[in-house]
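Read the structure below first, then the notes.
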Ligand SMILES: CC(C)(COP(=O)(O)OP(=O)(O)OC[C@H]1O[C@@H](n2cnc3c(N)ncnc32)[C@H](O)[C@@H]1OP(=O)(O)O)[C@@H](O)C(=O)NCCC(=O)NCCS
């Protein structure tokens with residue numbers, strides 16, 4: 220997969236290798252610092268990323284020789300779970316998230332998935348709108364794990380998109 224951004228800054232999308240685990244963990248932790256207002260600590264670590272690479276895959280976006288974004292995809296039955304969508308904070312709002320979500324959809328459709336499921340934390344007020352504009356709908360809620368000890372009460376909002 221190869222894509223050109225409108226600014227002629229080349230963006231390369233590829234499937235991550237195990238050697239990318241450290242860089243992916245760094246990127247995810249930087250992007251998810253936005254959640255520090257309700258949860259302490261890093262979102263992930265290289266070991267956890269390697270574990271995910273055993274169950275699913277990460278698509279990564281490279282720009283100017285560095286990881287600029289990633290998204291995790293895991294087959295679950297005839298559907299696909301999508302998580303850890305992350306864009307380098309310095310490169311947000313430039314279309315990388317949309318590009319990764321489009322590539323994720325392409326990948327899931329090619330794998331024969333009927334739809335994509337994801338979940339967001341209720342305290343992230345901007346995210347339902349973000350995913351809605353990409354075609355996702357709210358389908359329900361789920362409890363936030365107590366052991367994660369959030370600083371404020373919260374729950375997961377589950378969103379899905381059917382792939383035609
Ligand atoms: C959420 C995230 C992946 C979006 O990536 P991004 O590259 O900044 O988003 P894009 O540039 O592709 O934005 C696509 C559209 O969403 C809009 N958008 C992006 N971030 C937004 C926000 N925080 N609030 C409202 N709209 C937003 C953009 O205006 C854009 O619309 P347009 O194409 O009509 O101009 C990125 O902000 C991020 O990494 N956040 C931290 C980690 C995170 O929250 N991940 C999701 C957890 S479920």
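In my numbering, the protein residues as written are 220 to 383.
For glycine and all other residues, C-beta sits at the position ideal for the given N, C-alpha and C.
For clarity, every value in this text was computed on a predicted model and none was experimentally measured.
Boundaries of the alpha helix (DSSP H) in which residue i is found, first to last residue
i: residue 247; result: 240-250
i: residue 316; result: 315-329
Residue interval of the beta strand (DSSP E) (run including residue i)
i: residue 381; result: 374-381
i: residue 274; result: Where residue 274 is concerned, there is no enclosing beta strand (DSSP E), although the alpha helix (DSSP H) it sits in stretches over 265-274.
i: residue 334; result: 334-340
i: residue 356; result: 356-362
Presumed contact (8 Å Cβ cut-off) between residue i and residue j, rounded CB distance
i: residue 230; j: residue 311; result: Between residue 311 and residue 230 the Cβ distance is about 14 Å, and since that is not below 8 Å, they are no contact.
Residue i burial status per 10 Å Cβ neighbour count (16 or more: buried)
i: residue 274; result: exposed
i: residue 284; result: exposed
i: residue 380; result: buried
i: residue 241; result: exposed
i: residue 225; result: The pLDDT assigned to residue 225 is 47, lower than 50, so where the model puts this residue is not dependable, and the model offers no usable value.
i: residue 316; result: buried
For residue i, the residue or residues it bridges with in DSSP
i: residue 305; result: 289
i: residue 282; result: 230, 285
i: residue 300; result: 293, 336
i: residue 257; result: Answer is none; residue 257 lacks a bridge partner.
Check whether residue i and residue j have beta carbons under 7 Å apart
i: residue 303; j: residue 323; result: no
i: residue 344; j: residue 299; result: no
i: residue 301; j: residue 335; result: yes
i: residue 272; j: residue 294; result: no
i: residue 341; j: residue 289; result: no
i: residue 369; j: residue 258; result: yes
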